[in-house]
Amino acid sequence: MSNYLSISDILVSNEKVPCKFLHDLPKMGFLDPSAADDDLKAGTNVEIPLWLAESLQSRRPPLVSVDLPKIYKDAYREILNADACTVDMHKLGQYFYELGCYVAKHDIKGEVAATLENTFKQRFRMLLSASVSTDTLSTMQPLSASERKRAAAAASSENALSAWLQRGDCPLTTANMVANHRKRKRAEMEMF
Amino acid sequence: MDPYEIEFLGENRIISVIPNFSYDKIYLICGEFGPFRAGLPLNVPLWLAIMLKQKQKCRIVPPDWMDLDVLENIKEEEKRSRFFTKMPNEHYMVEAKLILGVAAEDVPNSSEIKTIIKDIWDIRMSKLRTSMDALMKSGGSYGRLDHLTLMEINSVKPLLPSAMDDLHRIRTTSKRPTTASLNTSTFSQSGSSQNI
Numbered sequence: 001m002s003n004y005l006s007i008s009d010i011l012v013s014n015e016k017v018p019c020k021f022l023h024d025l026p027k028m029g030f031l032d033p034s035a036a037d038d039d040l041k042a043g044t045n046v047e048i049p050l051w052l053a054e055s056l057q058s059r060r061p062p063l064v065s066v067d068l069p070k071i072y073k074d075a076y077r078e079i080l081n082a083d084a085c086t087v088d089m090h091k092l093g094q095y096f097y098e099l100g101c102y103v104a105k106h107d108i109k110g111e112v113a114a115t116l117e118n119t120f121k122q123r124f125r126m127l128l129s130a131s132v133s134t135d136t137l138s139t140m141q142p143l144s145a146s147e148r149k150r151a152a153a154a155a156s157s158e159n160a161l162s163a164w165l166q167r168g169d170c171p172l173t174t175a176n177m178v179a180n181h182r183k184r185k186r187a188e189m190e191m192f
Numbered sequence: 001m002d003p004y005e006i007e008f009l010g011e012n013r014i015i016s017v018i019p020n021f022s023y024d025k026i027y028l029i030c031g032e033f034g035p036f037r038a039g040l041p042l043n044v045p046l047w048l049a050i051m052l053k054q055k056q057k058c059r060i061v062p063p064d065w066m067d068l069d070v071l072e073n074i075k076e077e078e079k080r081s082r083f084f085t086k087m088p089n090e091h092y093m094v095e096a097k098l099i100l101g102v103a104a105e106d107v108p109n110s111s112e113i114k115t116i117i118k119d120i121w122d123i124r125m126s127k128l129r130t131s132m133d134a135l136m137k138s139g140g141s142y143g144r145l146d147h148l149t150l151m152e153i154n155s156v157k158p159l160l161p162s163a164m165d166d167l168h169r170i171r172t173t174s175k176r177p178t179t180a181s182l183n184t185s186t187f188s189q190s191g192s193s194q195n196i
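So the protein lines, in turn, are chains H and V. If you read the first sequence in UniProt numbering, its first letter stands for residue 1, the second for the next number, and so on. If you read the second sequence in UniProt numbering, its first letter stands for residue 1, the second for the next number, and so on.
Okay, structure coming up:
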């Protein structure tokens with residue numbers, strides 16, 4: 001997964017994860033904005049970037065214990081398992097899947113992996129509808145960064161296809177009766 | 001791939017025309033065609049047929065499947081079947097669009113045929129969408145693309161393969177190598193074959 005040259009991977013590893021420091025660290029108080037002391041006390045909970053957390057945790061002995069970001073916790077997992085399509089990933093976790101892959105190994109119960117997969121499967125429908133929707137603004141809004149990228153690619157090929165179908169002196173068009181069907185008319189009216 | 005590139009590929013299909021001029025054999029990269037005898041049908045590539053038609057040099061003989069009854073049957077079949085049915089032609093959409101575009105007067109009932117082909121296309125596209133969603137939901141690791149034409153496969157190309165790649169990546173990287181994750185590994189092995 002980790003790719004040294006991938007910009008998005010770098011951005012993902014810059015996401016903050018909550019960590020608990022296991023040892024007293026002299027002169028590291030600046031890591032905790034609320035600390036008055038120069039030294040960082042053991043047991044402090046601080047949010048630090050993933051790349052820092054991973055390297056501190058892999059030391060022997062580990063300096064921190066990594067906790068799950070809140071969107072991977074039980075409360076949010078329940079929402080995601082119930083209906084992932086209602087969640088606004090853009091607000092909650094831009095890099096939900098990518099970060100999830102990294103933090104899944106810190107999950108003791110091992111349920112994050114299943115949630116990630118389940119969420120991805122459920123939200124695939126949103127990608128489909130975003131790629132054909134005329135109202136791109138509202139359908140693209142709740143997608144995470146990688147989902148947006150994929151939906152945009154799908155939408156552009158969809159546009160190319162419909163442009164091809166429309167082209168020419170006598171394009172193949174839908175029958176009037178079908179086009180005037182209530183559902184379709186409404187979709188077109190919502191466009192304007 | 002761009003739809004125009006697929007149109008280009010589809011233009012190589014052989015189609016029957018009745019020229020209204022006489023000419024010797026012509027030698028093309030894709031083969032030799034002719035000799036042209038006025039009034040006698042002969043086979044040429046679709047692009048050549050379109051070009052001749054645009055110059056009013058020939059009449060296009062519509063392909064066998066471009067017939068109201070045949071298409072009606074295909075449409076019914078397509079509606080009834082859960083899976084994709086075999087299309088009469090790998091490039092049916094390209095052929096229909098080009099022929100009906102330049103030579104609508106050579107095809108009997110051209111406007112009805114136009115509508116029915118578009119209907120078939122719409123049915124197939126919506127079927128494609130629902131089966132893509134079902135494939136993802138069921139967690140299948142592969143989909144069979146029987147009887148899908150190039151244009152249809154191309155329309156899902158930017159979405160489906162990359163989504164399945166990502167799903168695979170999520171499965172492999174998020175799974176913990178320890179025994180504690182046994183419950184998730186059974187989950188990912190349940191990939192079923194899904195006819196897409």
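Glycine included, each C-beta is placed from N, C-alpha and C at the ideal position.
Straight-line Cα distance separating residue j from residue i
i: alanine 145 (chain H); j: tyrosine 95 (chain H); result: 6 Å
i: threonine 115 (chain V); j: glycine 143 (chain V); result: 30 Å
i: glutamine 122 (chain H); j: leucine 135 (chain V); result: 11 Å
i: isoleucine 10 (chain H); j: leucine 167 (chain V); result: 20 Å
i: glutamate 11 (chain V); j: glycine 100 (chain H); result: 47 Å
i: glycine 29 (chain H); j: lysine 41 (chain H); result: 8 Å
i: asparagine 3 (chain H); j: valine 61 (chain V); result: 57 Å
i: valine 66 (chain H); j: lysine 20 (chain H); result: 7 Å
i: methionine 164 (chain V); j: phenylalanine 124 (chain H); result: 10 Å
i: lysine 57 (chain V); j: asparagine 20 (chain V); result: 6 Å
i: glycine 139 (chain V); j: phenylalanine 120 (chain H); result: 10 Å
i: glutamate 147 (chain H); j: serine 133 (chain H); result: 15 Å
i: valine 44 (chain V); j: aspartate 24 (chain V); result: 14 Å
i: tryptophan 164 (chain H); j: alanine 154 (chain H); result: 15 Å
i: tyrosine 27 (chain V); j: phenylalanine 33 (chain V); result: 7 Å
i: leucine 137 (chain H); j: alanine 75 (chain H); result: 29 Å
i: isoleucine 123 (chain V); j: glutamate 76 (chain V); result: 10 Å
Neighbour-count burial assignment, residue i, 16 or more Cβ in a 10 Å radius
i: leucine 128 (chain H); result: buried
i: arginine 59 (chain H); result: exposed
i: threonine 44 (chain H); result: buried
i: histidine 23 (chain H); result: exposed
i: threonine 115 (chain H); result: buried
i: alanine 49 (chain V); result: buried
i: residue 193 (chain H); result: The displayed coordinates of chain H run from 1 to 192. Any statement about residue 193 (chain H) would go beyond what the structure contains.
i: serine 190 (chain V); result: Note that serine 190 (chain V) scores 35 on pLDDT, short of 50, meaning its location in the model is unreliable; the coordinates nonetheless yield the value given after this. It counts as exposed.
Beta carbon of residue i nearer than 9 Å to that of residue j
i: residue 221 (chain V); j: serine 13 (chain H); result: There is no way to answer for residue 221 (chain V), as the model of chain V reaches only from 1 to 196.
i: histidine 90 (chain H); j: glutamine 141 (chain H); result: yes
i: valine 17 (chain H); j: leucine 31 (chain H); result: no
i: phenylalanine 84 (chain V); j: leucine 128 (chain V); result: yes
i: proline 88 (chain V); j: aspartate 64 (chain V); result: yes
i: proline 69 (chain H); j: glycine 93 (chain H); result: yes
i: leucine 100 (chain V); j: leucine 46 (chain V); result: no
i: lysine 53 (chain V); j: alanine 103 (chain V); result: yes
i: leucine 25 (chain H); j: aspartate 39 (chain H); result: yes
i: isoleucine 18 (chain V); j: histidine 91 (chain V); result: no
i: serine 174 (chain V); j: alanine 104 (chain H); result: yes
Opening and closing residue of the alpha helix (DSSP H) in which residue i lies
i: serine 55 (chain H); result: 50 to 57
i: leucine 137 (chain H); result: 136 to 140
i: tyrosine 102 (chain H); result: 96 to 103
i: proline 161 (chain V); result: 160 to 174
Bounding residues of the beta strand (DSSP E) (the contiguous stretch that carries residue i)
i: phenylalanine 120 (chain H); result: Unbroken run through phenylalanine 120 (chain H) is the alpha helix (DSSP H), 112 to 132; no beta strand (DSSP E).
i: lysine 20 (chain H); result: 16 to 21
i: valine 70 (chain V); result: It is not in any beta strand (DSSP E) - valine 70 (chain V) instead sits in the alpha helix (DSSP H) that spans 68 to 80.
i: asparagine 43 (chain V); result: 42 to 45
>> Tell me which residues of the region 111 to 136 of chain H have at least one Cβ-Cβ distance to chain V shorter than 7 Å, keeping chain order.
In response: Val112, Ala113, Ala114, Leu116, Glu117, Phe120, Lys121, Phe124, Arg125, Leu127, Leu128 and Ser131
>> Please list, in chain order, the residues of the region 77 to 97 of chain H that have any C-beta partner in chain V closer than 8 Å.
In response: Tyr97
> Given a limit of 9 Å on CB to CB distance, which residues of the region 137 to 158 of chain V reach chain H?
Replying inline: Lys137, Ser138, Gly139, Met151, Asn154, Ser155, Val156, Lys157 and Pro158
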